Amino acid sequence: MKIVNTKSRTRDSEVMDDFELKGEELAKTLRDLDKVNKWLGGNEITLDGIKKIISETSPEEPIRIVDVGCGNGMMLRQIAEYGRRNNLKFELLGIDANPFAIEIAQGLAKNYPEIKFEAINIFSTSFAEKKYDIVLCTLTLHHFEDARIEQLLKVFLKSARLGIVINDLQRSRAAYYLFQAFCAVFINNKIARDDGLTSILRGFRKEDLEKFSGKLRVKHQKIRWKWAFRYQWIIIKSES
Numbered sequence: 001m002k003i004v005n006t007k008s009r010t011r012d013s014e015v016m017d018d019f020e021l022k023g024e025e026l027a028k029t030l031r032d033l034d035k036v037n038k039w040l041g042g043n044e045i046t047l048d049g050i051k052k053i054i055s056e057t058s059p060e061e062p063i064r065i066v067d068v069g070c071g072n073g074m075m076l077r078q079i080a081e082y083g084r085r086n087n088l089k090f091e092l093l094g095i096d097a098n099p100f101a102i103e104i105a106q107g108l109a110k111n112y113p114e115i116k117f118e119a120i121n122i123f124s125t126s127f128a129e130k131k132y133d134i135v136l137c138t139l140t141l142h143h144f145e146d147a148r149i150e151q152l153l154k155v156f157l158k159s160a161r162l163g164i165v166i167n168d169l170q171r172s173r174a175a176y177y178l179f180q181a182f183c184a185v186f187i188n189n190k191i192a193r194d195d196g197l198t199s200i201l202r203g204f205r206k207e208d209l210e211k212f213s214g215k216l217r218v219k220h221q222k223i224r225w226k227w228a229f230r231y232q233w234i235i236i237k238s239e240s
C-alpha cells in the first residue's frame, strides 16, 4: 500500500483543472462525482449550511444564492427542489470556469427557471462586483493555493450580504484509503478516481481553515467536521 504524505497540501494538479475538458468525458466524470456526493452525503452539508444561515438571518425573498464551481449544477438543482418543497423563493446562479460544464448544467436545469448559469473567472473584476445573499463554495476551495484562497475569501465577504457556506475535504490518510476502496467498488472512472484522491491531498486540516478564518473580521463563523471526511465552514455576516 502506498504511504501518502498528508502533512501539507499537495500542489499536484487535477484533470478537472483543465477548463478545455469537454464532451462525454467531462459529462461522465461530473456524473460520477455527483454519485460520490450523493452517496456520501456531501451536498447535504452545503444545504444544511444554507438552512442555518436562513434560520439565523430571516432574509427577505427572493434569496439570491451563487454556487462557485458549480460543475453540472447538481447542487443548485437540489437547492431548487428544497425551495419548492418549503415555499422559499430562490434566485440561483451557478458559476464555473469551464464553459463546457456550464453547457451541461444548462441542459440539466431546463425545468428549473430559478437557476441560471454563467462561465466566469472567479478572480475577475466582473465576479467581484456581483452581489448575492449567500455564497456557496462546495469542493472548490481546495483547487487553489493558500494565497489565492485568502484573496477569494475577501471577495466572498464583499459579495455575500448574509453569509458563506464552504464545504470541502479533510486531508487525511483515512480519507484517502477509504476513497480508494469506495472507488474500487462503485466508481469505474479514472479521472474521477485519480482527481478524487488528489483532491483529498489538496484538502485541509482544521488548523488550515482556522488559519484562514482567523484573518477574517467576522465574529460569527463555525468550522465543523462532517462525515464523510468533510469540513463545513459557515460564515454569517449579519452577526459580525
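The UniProt record's numbering puts the sequence shown at residues 1 to 240. C-beta atoms are modelled at their ideal positions from N, C-alpha and C, and glycine is treated no differently. This one's a predicted model, so the numbers in the text were calculated from it and none came from an experiment.
Check, Outcome
"Please work out which residues of its chain come closer than 6 Å, Cβ to Cβ, to Glu118, disregarding the five sequence neighbours upstream and downstream, and give them in chain order.", "Ile95"
"State the Cα-Cα distance for the pair Arg11 and Ser199, rounded to the nearest angstrom.", "10 Å"
"Helix or strand or just coil, what does DSSP make of Tyr132?", "strand"
"Here's the rule I'm using: 16 or more other beta-carbon atoms within 10 Å means buried, otherwise exposed. How should Val66 be labelled?", "buried"
"Based on the DSSP secondary-structure assignment, which residues constitute the bridge partners of Gln221?", "Ile235"
"Would you give the residue range spanned by the beta strand (DSSP E) that Glu60 belongs to?", "From DSSP, Glu60 is part of no beta strand (DSSP E); its letter is neither H nor E."
"Check for me: the beta strand (DSSP E) holding Phe229 runs from which residue to which?", "From DSSP, Phe229 is part of no beta strand (DSSP E); its letter is neither H nor E."
"Give the single residue among Gln170, Lys130 and Ser55 whose Cα lies nearest to the Cα of Ser159.", "Lys130"
"Let me check understanding here. Comparing Cα to Cα, which of Asp195, Ala184, Arg161 and Val15 lies closest to Leu169?", "Asp195"
"Report the rounded CA-to-CA distance for His220 versus Ile45, giving the unit in angstroms.", "18 Å"
"Whole angstroms are fine: how far does the CA of Lys116 sit from the CA of Ser240?", "Its pLDDT being 40, under 50, Ser240 is placed unreliably in this model, and the value from its coordinates should be taken loosely. Roughly 30 Å between the two C-alpha positions."
"Under 7 Å between the Cβ atoms of Ala192 and Thr57?", "no"
"Could you say if the region 121-138 and the region 100-111 meet the contact criterion of at least three C-beta pairs nearer than 8 Å?", "no"
"Between Phe156 and Gly23, what straight-line distance do the alpha-carbon atoms span, to the nearest angstrom?", "31 Å"
"In chain order, what residues of the same chain have a beta carbon less than 8 Å from the beta carbon of Lys35, not counting five sequence neighbours either side?", "Phe186 and Ile187"
"State yes or no: is the C-beta of Ile223 within less than 7 Å of the C-beta of Gly163?", "no"
"Specify the secondary structure class of Thr10 as computed by DSSP and reduced to three states.", "coil"
"Are the CB atoms of Trp233 and Ile166 nearer to each other than 7 Å?", "yes"
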